[in-house]
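Please read the structure below before turning to the comments.
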Amino acid sequence: MLVFIHVIVIVTSAIIFGNILERLGQPNIIGELLGGIIVGPIALLIFSVPFEGHPLLEYWDPSIIEKEITILIDIGMVMVMLIAGLGTELEELVKSSKYSFLTAIGGFVIPFFLGYFTGRLFHYEPITSMFLGASLSITAVAVSAKSLYDLNLLRTRIGNTIMGAAVIDDIIGILILSVLLNIIEHAELPSLLNLVFIISKSIAFLVISGAVGLRIVPRILSKLRLTKEFKLGSILLIVLTYAVAARISGLHEIIGAFVAGLILRKTLTNTEVEELVTWGLGFFGPLFFGWIGFVVRLHPLLNIFCYVVIITACIGKIAGCGLGAYISGLTKKEALSVGMGMNGRGAVELVLAGVGLEYGVITQDLFSIIVVMAFITTILTPIGLEITAREKERG
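Those letters in the sequence shown? Residues 773 to 1167, per the working numbering, in order.
Right under this line is the structure:
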């Protein structure tokens, strides 16, 4: 029963604060994280003195229900990556590839190495530093899209560049995750040949499973002629099948979920995609991001390393994306806007950090710092983009 009480409180708080932040013009992921933080570490901090020694405080410790709630969190992780795949427009990626490719490369490579060397400077292990670098490198597509939409920049050259680069960022992040998981499993850095093999295996899974799925999935769904309810069940079975196939292939389940999202995007109508997104994020989104906020620890905020990570994340992403965009042919002001617009972190990088925590290569404190970094950069993205876009109009 205890796990159900936790789920009710976490999801309710995440939904309430998500709606409040959305009405204030901020991405609801901020509110969902905030909701989890408020009923988790902040509540424990407030009630730790008056209820010192009371069993209630022990029951509210995340570690008490971690085993029981893990399966729900794993499903939530899969659903978030499914939504990321559903939100990926391959046509837009191709259309803006001229500017997006270099922007994505610069926006991934520079923050990755800055994050890695920052981790090593503070005496973290190489694999932990790699996870930190990867978490700093991936742009939150949803945050960028919402910011561009609010500023009427979605269909501009800046908007297409940001969205295309953000999608490439996600795909690079998926490939990097498969490499990191392989390193964890074998407890050593791979040779160049093994590295090429791991990346090739990941790309092969993406391409082959995607190509096969695009041929088979539409036929299955059209021939079955299912009712709305049974169609939803069939879609979820497809997603879980891809998640299992990814695991059998030596990759993480979330990679399979992402591929399933790409396929279903091409198979379902816009209305069906919207319904699936609403259903998936209506419960599992608040649960996943609320849980991330719930397990955050507050004392790392007193550590200088937390602020070093936030500053490194901002400098690395803005400089990396901005430089890539400028080299690709955008003006200096457009390049700066692109850098600002890609500074937000969110779903994929938090999933990646969660995987690192699950495998024991990221400490709870470092995980908390990454969540705070995602929180701060997500808030800064629309503000920075609006300021630079306004300056561009004046110029």
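Idealized CB from N, CA, C, for every residue including glycine.
Around the beta carbon of Lys1104, fewer than 16 other beta carbons lie within 10 angstroms, which makes this residue exposed.
For Glu1044, the uninterrupted alpha helix (DSSP H) segment begins and ends at 1042-1066. At a Cβ-Cβ threshold of 7 angstroms, Phe1060 and Val852 count as neighbours. Closest in alpha carbon position to Met902, among Ile1155, Met1112, Glu1121, Trp832, is Glu1121. Under the criterion of beta carbons closer than 8 angstroms, Thr1150 and Ile802 qualify as touching, at roughly 6 angstroms.
Of the residues assessed, Ala976 falls on the exposed side of the cut-off, its CB having fewer than 16 other CB atoms within 10 angstroms.
Around the beta carbon of Phe884, 16 or more other beta carbons sit within 10 angstroms, so the residue counts as buried. If you check the CB distance, Ser1109 and Ile930 come in under 7 angstroms.
Per DSSP, His778 is one residue of the alpha helix (DSSP H) stretching across 774-795. Here Val783 is actually not in contact with Ile841; their C-beta atoms are around 11 angstroms apart, not less than 8 angstroms.
Val1133 sits away from Ile845, with the two beta carbons spaced by 7 angstroms or more.
Here Leu1102 carries a coil assignment [DSSP, helix/strand/coil]. A distance below 7 angstroms between beta-carbons, with the five flanking residues on each side excluded, links Phe873 to the following residues of its chain, in chain order: Ile940.
According to the DSSP assignment, Asn1075 belongs to no alpha helix (DSSP H), since it is labelled neither H nor E. Take Ile809, set aside five residues on each side of it, and the residues of its chain with a beta-carbon closer than 7 angstroms to its own are Gly1065, Val1068, in chain order.
Gly887: member of the alpha helix (DSSP H) spanning 869-893, first to last residue. The beta carbon of Tyr1131 sits closer than 8 angstroms to those of Leu953, Ile956, all from its chain and outside the five residues before and after it, given in chain order.
If you draw a straight line from the Cα of Leu920 to the Cα of Met935, it comes to about 9 angstroms. In this structure, Ser909 is the residue among Ser909, Ser785, Glu1044 with its C-alpha nearest to the C-alpha of Lys1089.
The three-state reading of DSSP puts Gly982 in helix, counting H, G and I together. Taking the Cα of Cys1093 as reference, the smallest distance to any Cα among His1024, Ile877, Ser1006 is reached at Ile877. In terms of Cα proximity to Ile1035, the closest of His1024, Ser981, Val811 is Ser981. When His1071, Leu1008, Ile1027 are compared, the shortest CA-CA separation from Glu1047 is found for Leu1008. Per DSSP, reduced to three states, the secondary structure at Ile910 is coil, with no helix or strand assignment. Between Gly1033 and Leu858, the C-beta gap is smaller than 7 angstroms, which places the two residues in contact. A residue is called buried once 16 or more other Cβ atoms fall within 10 Å of its Cβ, and Asn1042, having fewer, is exposed. Approximately 7 angstroms separates the beta-carbon atoms of Ala856 and Val913; this is inside 8 angstroms, confirming the contact. Thr1153 and Ala1146 have their C-alpha atoms roughly 11 angstroms apart. Looking from the CA of Gly905, the closest CA among Ala917, Thr911, Phe889, Phe894 belongs to Phe889. For the 7 angstroms CB-CB criterion, Phe1139 and Leu1129 form a contact. Using a 10 angstroms sphere on the CB of Phe880, the tally of other CB atoms reaches 16 or more, which defines it as buried. Rounded to the nearest whole angstrom, the C-alpha separation of Val984 and Leu978 is 10 angstroms.
Residues Ser950, Ser974, Phe977 of the same chain have their beta carbon placed closer than 7 angstroms to that of Leu1023, with the five preceding and five following residues left out of the count. Residue nearest to Leu806 within the set Thr1160, Val1143, Leu1012 is Val1143 (criterion: CA-CA distance).
Excluding the 5 residues flanking it on each side, Val989 has same chain C-beta neighbours closer than 8 angstroms at Ile1010, Ile1035, Leu1036, Thr1039, in chain order.
Burial check for His778: the Cβ neighbour count within 10 Å reaches 16 or more, so the residue is buried.
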